[in-house]
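Residue numbers (UniProt numbering), protein chains in the order written: chain A, 1 to 308; chain B, 1 to 375.
Built from N, CA and C at the ideal position, the CB exists for glycine as well.
See below for the structure under consideration.
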Amino acid sequence: MDETGVGLWGVPLAILAGAVRVSTPFIFVSLGETITERSGRINLGLEGTLVFGAMTAYAVAVISGSPWLGVLAAMCTGAVFGLVHGWICKWPKVNDIAIGIALMQFGLGLAFFLGKPYIQPAAPRLPSIPFGAWSQVPQIEAALNINVLFLIGAVLAAVLWWAFRNTRIGIVLRVVGDSTDAARAMGIDPDRVRLLATAVGGSLAAIGGAYLSLYYPGSWNEGISSGQGLMAVALVIFARWNPIGCFLAALLFGGAGALGPALQSVGVSQGYYLFYATPYVLTLIILIATSSPTRALAGAPGALSLTK
Amino acid sequence: MTVDANIPAIITPDKFSMLDAVREWAARRAEPIVISVGAVVIGLGLFCLFILAVGKSPVMLFQLMYTGGFGSWFSLQNSLSRAAPLLLTALCVALPARLGLVIIGGEGAVVLGGVAAAAAALPIVGILPPLVVFAAMGIAAMTAGGAWIGLAGFLRHKRGVNETISSLLLAYIAIALMNQFVEGLLRDPASLNKPSTRPLPPDYMLGNIPGMDVHLGLVIGIVACLCTWILIEATSYGFAARIAGGNVRAAQIQGLPVGRLIVGFTAIAGAFAGLAGMIEVAAVQGSANASLAAGYGYTGILVAFLARHDPLAIIPVAILLGGIDASGGLIQRRMGLPDATVLVMQGTLFVVILFCETFYGRFKVFNPDLWKRTA
């Protein structure tokens, strides 16, 4: 074994480390989108929400000196974006997919506009827990240096999975998502449930953004998100609207994204750029494999326009 | 007479007159125009509030926007040049929309179209005359773009894969492919900081419209819009597509070839977006490089929705947005506003215009069916 560390074992290790590091935004955005889609609506605007959340978190952290205040502020703006989406979409003849794209553009524009002054200053970072302190190998140490938000995301996925099945709120959400009429018959106001679900979804997506700007890559600039918010929509389908599935799918995406850099670090540079496409190709293949022209996707909320 | 709200009133022969017919026609025609213009006014109003909130003058902003986009012959030509790719990427959204499909991955077809055009041109440039090279570039770009978006249509029809998501995934895959080609196989060793394919010699660049400083891409875009309009409005394919877009089941019962329509329309749509990539290579950049992914595909979505997927309406809307884009630099220099100002404005307009869809059919003035009910 060479002295720099772990040799070829570096590849799986780097993929694992990459999965943990890169997956956190995916976890939060996809959990948020799951809540929204379970209520029967789709929010494609989460990309804008994520980037706006990243900007807000960074700006507030720079001003206040506290990264957690930044996360909180991002959550608030994310909820506002969700409320706007939810309110607009409750009107008849309004297409939720198109409104999502519009709000994405608006969110990106606003984030770039207001975030211009924050490209230079450095914000305090979110803390991480060194689970790898026992190891002498720097790569293992680095790989096990896990951010608090990742852990929160993992716990949140489990809690949501439980809540969808066992709580009143979870069941109301699913009823609304499966049939607007059934919900009305039960005396539930579907518009209000969807409004709140979209707001919660937005605030979770904004946490994903906060992670990007406050931890990894850890700075605010206009290219901070490479489509994580949009990918979340595909990821949720991939995960069959199941929170635990979202968590695992996010890890898989993170790992797939880390494949290129990991291989390059051991000298495989052929087709380097193609590796960036891995998560997208993977999602597409799984979508093709699991879709059917005759029936809706298994597990899909009945009122979701996407799967009709 | 009591009228069931669900049954539209029928024009009875004794009440029918030429004047009524004209009034009805005018009312139905006026609705989209009034609502669209109203939406733009509301959107701009909200944007004014935003500009006031950041302490700048909206009056000055709009003046600069006019000056920078349309105020002089020079700026108008600049706007028209920028409108050219938008015409084509908007068609990439508008054409499938006839079938009820929401395609948002036009960017992927633009990028691949550009790469394919460059790849087709490189071996024959300097050997064959420019016209042949242009034809080869156009065919390659349209094939690549058409295959890309057509694939989304094919997956939709064969496997029921949602076309919005698949076209988006395909766009990301296309950008990765472009980077691989431009950095690897097709890279010009002389391009150091900005990896590109070998540049086209000047006499192999797509020239300007005679007498103007606007490249021929504008003509291609406008012709494409006219062709699409004819396809949709005057052929049985367009009519069949409208039926399939309204109700797939009904279309299938009528024996319409829904699958062929979906794949065909998405492929044509993609071919247009691919052509936008070829124009970017042959008329603007001179080579394929990362600038191909400049967001024309995404602005095209906005143009198509603003134009309510009407190929003729796309022409003025694309020129308008091209002008707004063109004025961005001037606003940045004169008012010290970030270049994202234009994005904020586009986003605001987009949201408001889509929201205003809800007003269709609500105003009595525009709805002849409601006149008769109260009469």
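### Message
Distance cutoff 8 angstroms, beta carbons only. Does B/Lys158 sit that close to anything in chain A?
### Response
Interface residue (Cβ-Cβ distance to chain A less than 8 angstroms): B/Lys158 is classified as such.
### Query
Straight-line CA distance for B/Phe355 to A/Leu8?
55 angstroms
### Message
Closer than 8 angstroms between beta carbons: that is the criterion. Which residues of the segment 145–170 of chain B meet it against chain A?
### Response
Listed by position along the chain: Leu155, His157, Lys158, Arg159, Gly160, Val161, Asn162, Thr164, Ile165, Ser166, Leu168, Leu169, Leu170.
### Task
Give the residues from the segment 343–354 of chain B that approach chain A closer than 7 angstroms (Cβ to any Cβ), ordered along the chain.
Leu343, Val344, Gln346, Gly347, Thr348, Phe350, Val351, Leu354
#### Entry: Per DSSP, cross-strand counterpart(s) of A/Pro130
A/Asn145
### Query
Residues bridged to A/Val20 by DSSP?
Paired residue(s): none; A/Val20 is not in a bridge.
### Query
If you run the structure through DSSP and keep just helix, strand and coil, what is B/Asn208?
Three-state DSSP puts B/Asn208 in a strand.
### Query
Closest to B/Ile139 by CA distance: which of B/Leu112, B/Tyr172, B/Ile165 is it?
B/Leu112
### Option nearest A/Val20 by Cα separation, candidates A/Ala73, A/Leu149, A/Leu110, A/Ser64
Looking at A/Ala73, A/Leu149, A/Leu110, A/Ser64, the one whose alpha-carbon comes closest to that of A/Val20 is A/Leu149.
### Query
Taking Cβ to Cβ, would you say A/Met55 is nearer than 8 angstroms to A/Ala111?
yes
### Query
Since B/Glu357 meets chain A, which of its residues come closer than 8 angstroms, beta carbon to beta carbon?
Lys93, Val94, Asn95
### Query
So what does DSSP say about B/Arg187, is it helix, strand or coil?
If DSSP states are grouped into helix, strand and coil, B/Arg187 belongs with the strands.
### Query
In the segment 232–244 of chain A, which residues sit with their C-beta less than 8 angstroms from some C-beta in chain D, listed in chain order?
In the displayed structure, chain D is absent; the protein chains listed are A and B.
### Message
Could you compute how far the alpha carbon of B/Gly217 sits from the alpha carbon of B/Phe272?
### Response
Distance between the alpha carbons of B/Gly217 and B/Phe272: 12 angstroms.
### Message
For chain A, check one thing: does any of its Cβ atoms lie closer than 8 angstroms to the Cβ of B/Ile173?
### Response
yes
### Query
Which residue spans inside the segment 41–122 of chain A form an unbroken alpha helix (DSSP H) run of at least 4?
46–64, 67–89, 96–115
### Query
Roughly how many angstroms lie between the CA atoms of B/Pro58 and B/Leu95, to the nearest whole one?
Using only the alpha carbons, I get a separation of about 36 angstroms.
### Message
What does the Cβ neighbour count give for B/Val3, buried or exposed, with the cut at 16 atoms within 10 Å?
### Response
With a pLDDT of 47 at B/Val3, under the threshold of 50, the modelled position of this residue cannot be trusted; read the value that follows with caution. Label assigned to B/Val3: exposed.
### Query
Ends of the alpha helix (DSSP H) at residue 376 of chain B?
Residue 376 of chain B is absent from the model: chain B starts at 1 and stops at 375.
### Query
Closer than 8 angstroms, CB to CB, is B/Ala283 near chain A or not?
For B/Ala283, the answer is no, since every Cβ of chain A falls outside 8 angstroms of its Cβ.
### Query
Of the choices B/Gly43, B/Trp371, B/Ile324, whose alpha-carbon is the least far from that of B/Gly69?
B/Ile324
### Task
Just mark B/Ala120 as buried or exposed, buried being the case when its beta carbon has 16 or more other beta carbons within 10 Å.
buried
#### Entry: Which of helix, strand or coil DSSP assigns to B/Ser196
strand
### Query
Any C-beta of chain A sitting closer than 8 angstroms to the C-beta of B/Tyr360?
yes
### Query
Between the C-alpha atoms of B/Leu306 and A/His85, what's the straight-line distance to the nearest angstrom?
Rounded to whole angstroms, B/Leu306 to A/His85 spans 19 angstroms at the Cα level.
### Task
Given a cut-off of 8 angstroms, decide if B/Ser287 and B/Pro199 are closer than it, judged by their beta-carbon atoms.
yes
### Message
Since B/Gly146 and B/Ala267 should fall inside the 8 angstroms C-beta cutoff, what is the C-beta to C-beta distance between them, to a whole number of angstroms?
### Response
4 angstroms
### Query
What is the C-beta distance between B/Leu312 and B/Leu99, in whole angstroms, given that I count them as a contact (C-beta under 8 angstroms)?
Not quite, the Cβ-Cβ distance comes to about 19 angstroms (not below 8 angstroms), so this is no contact.
### Member of A/Val22, A/Ala123, A/Val137 whose CA lies at the smallest distance from the CA of A/Tyr276
A/Val22
#### Entry: Residues that A/Pro130 contacts on chain B, provided the C-beta gap is smaller than 7 angstroms
Going along chain B, no residue has its Cβ under 7 angstroms from A/Pro130, so there is no contact; the nearest lies around 34 angstroms.
### Query
Going along the chain, which residues of its own chain have a beta-carbon closer than 8 angstroms to the beta-carbon of A/Gly115, five neighbours each way excluded?
Met55, Tyr58, Ala59, Trp220, Glu222
### Task
Using the DSSP secondary-structure output, state which residues sit across from B/Gly289 in a beta bridge.
The sequence given here places Asn at residue 289 of chain B; Gly does not occur at that position. Paired residue(s): B/Ser196.
### Query
Whose CA, out of A/Val175, A/Ala61, A/Pro117, lies closest to the CA of A/Arg125?
A/Ala61
### Query
DSSP state of B/Val125, grouped into three classes?
strand
### Task
Output, in sequence order along the chain, the residues in the segment 296–308 of chain B whose CB is closer than 8 angstroms to any CB in chain A.
Tyr298, Ile301, Leu302, Phe305
### Query
Which runs of the beta strand (DSSP E), 3 residues or longer, sit entirely within the segment 242–309 of chain B?
none
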